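For the record, the sequence lines run as chains D and L. Basically our numbering = 1-based index in the first sequence + 473. Basically our numbering = 1-based index in the second sequence + 22.
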Amino acid sequence: MLDELRELYRYRELLWTLVLRELRVRYKNSYLGFFWSLIVPLVTVAVLTIVFKRVMGMVIPNYSAYVLAAFLPWMYFQTALLDSSQSVLAQIQLVKKVYFPREILPLAAVLANLIHFALALVVFFVYLLGYVNAPLLPSVILLPVLVFFQTLLIAGLSLIISCLNVFYEDTKYIVSIGLQLMFYLVPVIYFSEQVYHAQIASPEWQRWIYLVYHLNPVAMLMTAYRKILLPPITVQQVGAVQKQTFASLPMDWGLLAVACAVSVLIFILGYAFFNRRKWDFAEQP
Amino acid sequence: MRDIAILLEHVSKSYRLSHQPYSSLKGILLSMFRYRRRIEVHQALSDVSLSIQHGETVGLIGVNGSGKSTLLAIVARVIRPSTGTVQVNGRVAPLLQLGVGFHPDLTGLENVYFNGIILGLTRQQITERLPSIVRFAELEEFIDTPVRAYSSGMVLRLGFAIAVHTDPEIILMDEVLAVGDEAFQHKCLRKIQEFQREGRTILIVSHDMNQVRQVATRTIWLHQGRIMADGATDEVVSRYLAFAEEMEKQAL
Numbered sequence: 474m475l476d477e478l479r480e481l482y483r484y485r486e487l488l489w490t491l492v493l494r495e496l497r498v499r500y501k502n503s504y505l506g507f508f509w510s511l512i513v514p515l516v517t518v519a520v521l522t523i524v525f526k527r528v529m530g531m532v533i534p535n536y537s538a539y540v541l542a543a544f545l546p547w548m549y550f551q552t553a554l555l556d557s558s559q560s561v562l563a564q565i566q567l568v569k570k571v572y573f574p575r576e577i578l579p580l581a582a583v584l585a586n587l588i589h590f591a592l593a594l595v596v597f598f599v600y601l602l603g604y605v606n607a608p609l610l611p612s613v614i615l616l617p618v619l620v621f622f623q624t625l626l627i628a629g630l631s632l633i634i635s636c637l638n639v640f641y642e643d644t645k646y647i648v649s650i651g652l653q654l655m656f657y658l659v660p661v662i663y664f665s666e667q668v669y670h671a672q673i674a675s676p677e678w679q680r681w682i683y684l685v686y687h688l689n690p691v692a693m694l695m696t697a698y699r700k701i702l703l704p705p706i707t708v709q710q711v712g713a714v715q716k717q718t719f720a721s722l723p724m725d726w727g728l729l730a731v732a733c734a735v736s737v738l739i740f741i742l743g744y745a746f747f748n749r750r751k752w753d754f755a756e757q758p
Numbered sequence: 023m024r025d026i027a028i029l030l031e032h033v034s035k036s037y038r039l040s041h042q043p044y045s046s047l048k049g050i051l052l053s054m055f056r057y058r059r060r061i062e063v064h065q066a067l068s069d070v071s072l073s074i075q076h077g078e079t080v081g082l083i084g085v086n087g088s089g090k091s092t093l094l095a096i097v098a099r100v101i102r103p104s105t106g107t108v109q110v111n112g113r114v115a116p117l118l119q120l121g122v123g124f125h126p127d128l129t130g131l132e133n134v135y136f137n138g139i140i141l142g143l144t145r146q147q148i149t150e151r152l153p154s155i156v157r158f159a160e161l162e163e164f165i166d167t168p169v170r171a172y173s174s175g176m177v178l179r180l181g182f183a184i185a186v187h188t189d190p191e192i193i194l195m196d197e198v199l200a201v202g203d204e205a206f207q208h209k210c211l212r213k214i215q216e217f218q219r220e221g222r223t224i225l226i227v228s229h230d231m232n233q234v235r236q237v238a239t240r241t242i243w244l245h246q247g248r249i250m251a252d253g254a255t256d257e258v259v260s261r262y263l264a265f266a267e268e269m270e271k272q273a274l
């Protein structure tokens with residue numbers, strides 16, 4: 474694997490060129506261009522906020538900021554996986570003719586989305602400091618750490634998905650369904666505290682459900698983004714029958730460490746898997 | 023050893039061919055319920071050994087499916103042989119088929135950078151060679167236009183212009199000159215002759231025997247993945263043509 478990484482480093486200029494090309498091409502023919510990648514999350518969060526505050530009865534000051542803090546990383550996860558699933562297949566004619574490290578194709582898709590995510594985060598901070606008027610927490614310095622491990626996780630999954638999609642084009646459909654379902658299994662529209670107090674569990678199970686839920690590294694990362702970016706908050710849900718209050722839980726550093734370790738592991742396994750199959754790409758009829 | 027550009031020793035390549043036209047999850051699930059999976063092994067190359075010196079221009083001829091393109095792909099390091107060893111000394115530039123590697127929404131100029139880098143140039147080298155590339159492609163007026171507005175001849179010229187400016191030691195051409203008009207073909211032939219004078223190695227796949235006779239000093243005839251003949255172009259080409267005629271008679 475070290476040899477493969479060294480070869481990848483040798484081709485870094487190609488990687489960077491591809492990243493720029495992806496960024497340039499995406500909004501080339503639209504009037505608003507790059508702003509589309511800000512409009513989509515902002516409009517989504519506005520709709521989610523209205524629905525969950527007015528219809529579902531969530532009583533949380535600045536709910537929209539909490540949704541945005543998890544929704545932006547989720548968008549990064551989702552669009553990067555969808556983009557990269559097609560990345561090798563879309564360039565298969567080139568793959569059949571020219572030698573270059575094949576992993577450049579999915580990795581460029583991931584990095585282009587990372588840049589979009591970084592720009593969206595800038596907008597998030599403007600929103601936070603300008604509109605919500607929330608103070609910046611010192612834990613914000615951990616943001617790059619979360620982004621780093623999330624990127625490793627995404628890269629590992631992208632390598633697996635883009636490779637499988639060359640041989641079985643069903644992959645991209647499975648990924649898109651999987652992402653739709655996963656959206657409900659990560660804390661974006663609700664809070665991890667609500668998982669802790671889930672109705673299905675008797676009190677002694679609470680801890681276990683919370684733990685199993687957060688063994689999904691994506692869920693843990695979303696929870697962590699919220700906790701490092703925004704102050705702890707008491708969630709109130711006004712239901713039809715009763716009013717429920719969920720006190721904020723502290724960050725579970727142990728679970729976060731597990732999520733980071735899993736992300737590294739997925740990257741290593743994904744890269745190894747990709748490397749085993751990447752010389753078969755050109756042989757696909 | 024320093025004079026050898028390409029060395030293949032006992033190279034074989036087999037593909038696993040599945041009889042399902044599409045590989046899909048459904049196909050896999052269905053095939054699990056069949057008695058046996060019908061996977062056929064197709065031997066694209068069997069026990070091919072050859073060595074090409076620097077400065078040689080070698081033609082590769084043979085009927086469709088004889089393994090010419092597989093051989094070229096192995097030299098380009100795009101496909102790995104099933105068995106045998108391959109040694110390539112020098113920078114390889116494959117001449118891409120029409121439009122491969124071009125993004126239609128980007129301008130000619132943006133595509134030059136992308137294509138050049140993928141063929142192994144640095145950004146700076148491309149900037150230095152840009153005027154010459156654009157002049158060779160005769161696209162001075164259109165270089166800032168998106169490639170999708172180009173005619174196929176313009177795309178072809180640009181692709182060829184980039185490839186010949188990568189300063190390759192070994193040039194691989196797979197039927198690339200078949201398209202393009204008379205004037206462009208002449209230009210390409212002149213460029214090939216220039217490369218020959220400069221001592222570069224050229225490997226050219228073609229069905230156009232006149233073209234092979236015109237440029238190749240040596241020709242290799244492949245049939246069903248084996249080398250049938252390897253030698254002086256005139257001799258190999260006439261043997262191949264006699265063989266092809268014989269095949270045609272039998273078919274009638």
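Positions of the beta carbon are idealized from the N, C-alpha and C atoms, including for glycine. Predicted model only: the values in this text are computed from it and were never measured.
What L:F136 touches in chain D, judged by beta-carbon distance under 7 angstroms, is T490 and R494, going in chain order. Residue environment for L:R145: exposed (fewer than 16 other C-beta atoms within 10 angstroms of its C-beta).
Interface flag for D:N502 against chain L is set, since a Cβ pair is found closer than 8 angstroms. DSSP places L:L72 within a strand segment (E or B) once states are collapsed to three. For L:H208, the number of other beta carbons within 10 angstroms of its own is below 16, and it is reported as exposed.
For D:Q672, no Cβ of chain L is located within less than 8 angstroms of the residue's own Cβ. For the beta strand (DSSP E) assignment, the uninterrupted runs of no fewer than 3 residues enclosed by the region 674–744 of chain D are, from N- to C-terminal side, 708–711 and 716–719.
By the Cβ test, the region 728–739 of chain D is not in contact with the region 65–78 of chain L, since fewer than three Cβ pairs between them sit closer than 8 angstroms. Taking the C-beta atoms as reference points, D:C636 is found nearer than 8 angstroms to D:K751.
D:G603 counts as exposed, since fewer than 16 other C-beta atoms from the protein chains shown sit within 10 angstroms of its C-beta. In the three-state reduction of the DSSP assignment, L:L194 falls in the strand class.
By the CB criterion at 8 angstroms, D:V668 and D:I647 fall outside the cutoff. Interface criterion met: the Cβ of L:T144 is under 8 angstroms from a Cβ in chain D. The residue among L:G84, L:H76 and L:L30 with its C-alpha nearest the C-alpha of L:M231 is L:G84.
Rounded to whole angstroms, the separation of the alpha carbons of D:K700 and D:I577 is 33 angstroms. Of the residues D:Q566, D:Q559 and D:E480, the one whose Cα lies closest to the Cα of D:L632 is D:Q559. Collapsing the DSSP output to three states places L:V114 in a strand.
In the DSSP annotation of this structure, the continuous segment of the beta strand (DSSP E) that includes L:A251 starts and ends at R248 to A254. DSSP places L:Y37 within a strand segment (E or B) once states are collapsed to three.
Any Cβ of chain D closer than 8 angstroms to the Cβ of L:I226 would place that residue at the interface, and such an atom is absent. In this structure, the CA atom of L:G89 is about 18 angstroms from the CA atom of L:G253. Take L:T92, set aside five residues on each side of it, and the residues of its chain with a beta-carbon closer than 7 angstroms to its own are K35, A66, L67 and I101, in chain order.
Think of a sphere of 8 angstroms around the beta carbon of D:E756: the chain L residues whose beta carbon falls inside it are Y37 and I101, in chain order. Neighbours of D:R497 in chain L, taken as residues whose beta carbon is under 8 angstroms from its own, are L128 and E132 in chain order.
At a cut-off of 8 angstroms between beta carbons, D:E486 contacts chain L. Taking 8 angstroms as the cut-off, the Cβ atoms of L:A95 and D:A755 count as close. Distance between L:F124 and L:Q233, taken at the CA atoms: about 27 angstroms. In its chain, beyond the 5 residues on either side, A251 have a beta carbon closer than 6 angstroms to the beta carbon of L:R261. Burial of L:F164 is indicated by the presence of at least 16 other C-beta atoms within 10 angstroms of its C-beta.
The shortest C-alpha to C-alpha distance from D:Y536 to any of D:K501, D:V595, D:I706 and D:G743 is the one to D:I706. DSSP places D:V513 within a helical segment (H, G or I) once states are collapsed to three. Put simply, of D:I627, D:P514, D:H687 and D:V711 the residue whose alpha carbon is nearest the alpha carbon of D:A730 is D:H687. D:A628 and D:V492 have their C-alpha atoms roughly 14 angstroms apart.
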